[in-house]
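Below is one structure, written out as structure tokens, with a few remarks after it.
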Amino acid sequence: MSRSTPPARRLRLGLPRRMFSQVLLMQLAIAAGVTVLATGLFLAPLSNQLDDQAMRRALAIAQTTAAQPQIAKDLQTTPYSVDGPVQKEAERIRKATKAEYIVIMNKDGVRWSHTDPEEIGGKVSTDPARALAGEQVMEIDEGTLGRSARGKVPLRDSDGNIIGAVSVGIAYDSVRARLIHAIPGLLAYAGGALAVGALAAWLISRRVQRQTRDLAFSDISALLAEREAMLHGIREGVVALDRTGRVRLLNDEAQRLLSIGDEAVGRSPDEALGAGRTADVLAGRVTGTDLLTVRGQRVLIANRMPTDDGGAVATLRDRTELEQLGRELDSTRGLIDALRAQDHEHANRMHTLLGLLELEMYDDAVEFVGEVVGDHRATAEQVTEKIKDPLLAALLVGKATVAAERGVALWISDRTWLPDRLIDPRGIVTVVGNLVDNALDAVGGKPHARVEVELRAEGRTAVLRVRDTGPGIPAEQRELVFTEGWSTKKPPAHGKRGIGLSLVRRLAERQGGSAAVTEADGGGAEFVVVLPEALAGDDLEPALTVPAAPEEES
29 MSRSTPPARR LRLGLPRRMF SQVLLMQLAI AAGVTVLATG LFLAPLSNQL
79 DDQAMRRALA IAQTTAAQPQ IAKDLQTTPY SVDGPVQKEA ERIRKATKAE
129 YIVIMNKDGV RWSHTDPEEI GGKVSTDPAR ALAGEQVMEI DEGTLGRSAR
179 GKVPLRDSDG NIIGAVSVGI AYDSVRARLI HAIPGLLAYA GGALAVGALA
229 AWLISRRVQR QTRDLAFSDI SALLAEREAM LHGIREGVVA LDRTGRVRLL
279 NDEAQRLLSI GDEAVGRSPD EALGAGRTAD VLAGRVTGTD LLTVRGQRVL
329 IANRMPTDDG GAVATLRDRT ELEQLGRELD STRGLIDALR AQDHEHANRM
379 HTLLGLLELE MYDDAVEFVG EVVGDHRATA EQVTEKIKDP LLAALLVGKA
429 TVAAERGVAL WISDRTWLPD RLIDPRGIVT VVGNLVDNAL DAVGGKPHAR
479 VEVELRAEGR TAVLRVRDTG PGIPAEQREL VFTEGWSTKK PPAHGKRGIG
529 LSLVRRLAER QGGSAAVTEA DGGGAEFVVV LPEALAGDDL EPALTVPAAP
579 EEES
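Here the sequence shown stands for residues 29 to 582, numbered as in my numbering.
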């Protein structure tokens with residue numbers, strides 16, 4: 029049985045997958061390209077510069093030679109000769125200046141001097157017309173001695189008349205040699221610059237490698253796609269802030285919970301949300317875990333985690349429904365306790381009634397039943413006579429029963445009068461319920477505990493006052509009690525405290541009103557809530573007092 033051989037791996041050519049390697053290769057290629065380009069751009073003008081220097085040097089030698097009056101005089105008075113004074117002087121100057129040649133000619137272009145003695149007496153190989161016409165000439169030209177950088181000037185006698193010309197040549201091979209000699213040094217500088225560029229590229233690539241966790245471009249692209257899907261798919265709000273404290277990212281749930289849009293990106297929490305506890309939590313001015321805050325009508329739980337770049341990521345959870353369920357649970361527990369107490373009281377009353385009947389004290393039994401029924405009826409009638417809204421009246425009747433079972437006297441102020449014209453009765457029920465619950469908690473367990481409720485209509489404005497005989501609230505804490513998450517009471521089993529009074533103030537401010545707490549007469553706390561435009565119609569009586577109840581018949 030033959031053993032199968034694994035397929036050979038194919039050699040894969042192309043760019044490496046890691047971002048570090050790709051960035052390094054790209055930067056090395058850029059550095060090398062820039063170095064080559066800079067070297068080429070430097071060499072091109074260098075060659076022209078060396079040519080120009082050679083031509084100017086040749087012209088300077090020619091000017092110096094033509095400036096000697098003895099040469100002009102010898103040109104006019106002596107014939108051309110290998111041993112003539114013109115040839116000797118020209119050769120002296122050539123050797124001193126290391127020029128390739130110095131040719132002195134007359135107006136006919138006949139040479140009086142030349143490096144090659146055999147060329148003396150012959151005509152020059154290039155046209156001297158411009159120099160004989162009085163011009164100074166610089167050029168690169170080809171002559172009997174090869175390619176050279178030349179300078180030509182006219183030769184004048186003592187009267188200034190042109191009698192010939194001087195032509196000086198610098199060997200072009202020397203110019204090229206200088207250029208070639210400069211190339212190694214230039215390449216050394218270019219190599220040094222390339223090495224520095226390569227080192228910088230490596231350092232930058234290493235920094236990129238650390239910051240990207242040595243991921244490939246495809247991995248980063250996949251991570252970004254996954255991040256977008258995760259951020260916009262989870263049911264928690266996510267707010268990312270940069271190192272300056274400005275919003276960098278908001279997912280869809282955060283926009284819904286905070287009631288803001290994409291315009292908040294690039295702004296600070298205070299600018300995007302306005303001053304308040306929610307902005308303080310996001311900005312990190314309030315620290316801790318599972319921080320409670322209220323945004324609009326939503327109760328939120330926020331957590332903030334700093335990031336390595338100096339920014340932070342905050343997560344938000346909607347706790348509104350859970351908080352409502354918790355409050356309903358608290359109310360249900362209180363109602364159960366009240367019913368349990370009522371059941372116990374009812375059993376005691378029934379035992380008392382049974383005893384009266386067994387003792388055949390029928391008149392006393394009738395009187396006892398009348399008193400019990402009358403107390404409950406009086407409480408309900410007292411509330412409904414002064415408060416016409418059935419929802420609010422039912423709330424206060426229930427709270428009165430709970431207060432009685434707790435040993436607290438719940439009074440409805442004589443100044444109370446509220447017609448059945450409430451625009452938002454549920455909102456006022458929330459306000460009154462929170463204030464009464466807090467007052468009952470404040471006076472619980474104290475002797476002669478009392479809570480007084482006053483609800484008054486002043487035109488279209490509803491004024492709510494709840495007074496208690498509890499310990500009161502210190503002056504320095506009278507604003508803190510309206511802060512989300514702040515409470516002096518022990519948290520309930522279902523979660524957090526410090527929401528009720530915050531909701532009361534928000535409901536009041538949403539209607540343009542206010543909520544405040546002061547010290548009540550005789551001690552305790554007095555909460556005052558003003559709700560403008562809380563009642564419909566404009567024909568309401570201010571009703572500072574309630575009509576007196578009819579007198580009982582004697």
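We put the beta carbon where it would ideally sit given N, CA and C, even for glycine.
Around the CB of residue 272, fewer than 16 other CB atoms lie within 10 Å, so the residue is classed as exposed.
Note on geometry: alpha-carbon atoms of residue 339 and residue 310 lie some 11 Å from one another.
The DSSP assignment places 265 to 269 and 275 to 278 as complete runs of the beta strand (DSSP E) inside the region 253 to 317, in order along the chain (cut-off: 3 residues). Within 10 angstroms of the beta-carbon of residue 131 lie 16 or more other beta-carbons, which makes it buried. Secondary structure of residue 416 (DSSP, three-state): coil. The C-beta distance from residue 440 to residue 411 rounds to 6 Å, short enough to meet the 8 Å contact threshold. For residue 537, the uninterrupted alpha helix (DSSP H) run begins and ends at 528 to 538, by DSSP. Ranking 292, 229 and 346 by CA distance to the CA of residue 262 puts 346 first. Of all alpha-carbon atoms in 461, 116, 157 and 556, the one lying nearest the alpha-carbon of residue 144 is that of 116. Bounds of any beta strand (DSSP E) do not take in residue 451, whose DSSP letter is neither H nor E. Taking each of 198, 461 and 437 in turn and checking the Cα distance to residue 421, the smallest one comes out for 461.
Ranked by Cα distance from residue 500, the first of 236, 547 and 81 is 547. Of all alpha-carbon atoms in 110, 162 and 306, the one lying nearest the alpha-carbon of residue 142 is that of 110.
Taking C-beta atoms as the reference points, residue 492 and residue 545 fail to come closer than 9 Å.
The shortest C-alpha to C-alpha distance from residue 444 to any of 427, 416, 128 and 177 is the one to 416. Between the region 220 to 234 and the region 51 to 65, the count of Cβ pairs shorter than 8 Å is three or higher; the stretches touch. Cα atoms of residue 100 and residue 175: separation of roughly 28 Å, rounded to the nearest angstrom. Secondary structure note for residue 553: it is in no alpha helix (DSSP H), and the uninterrupted beta strand (DSSP E) holding it is 553 to 559. Annotation: the region 75 to 141 contains the following complete segments of the beta strand (DSSP E) (minimum length 3 residues), in chain order: 129 to 134. Rounded to the nearest angstrom, the gap between the Cα atoms of residue 384 and residue 378 is 10 Å. Between residue 464 and residue 436 the beta-carbon gap is near 10 Å, outside 8 Å, which marks them as no contact. Straight through space, the alpha carbons of residue 322 and residue 305 are spaced by roughly 8 Å. Nearest to residue 427 by alpha-carbon distance, out of 303, 559 and 458, is 458.
Between the alpha carbons of residue 183 and residue 104 lies a gap of roughly 11 Å. With distances taken between CA atoms, residue 510 lies nearest to 542 out of 487, 292, 542 and 128. Residue environment analysis places residue 129 among the buried positions, since at least 16 neighbouring C-beta atoms fall within 10 angstroms of its C-beta. Taking residue 300 as the centre and dropping the five residues before and after it, the same chain places the C-beta of 275, 288 and 292 closer than 7 Å to its C-beta, in chain order. Cβ-Cβ separation between residue 535 and residue 447: approximately 20 Å, too far for a contact (criterion under 8 Å). Rounded to whole angstroms, residue 312 and residue 475 show a C-alpha spacing of 44 Å.
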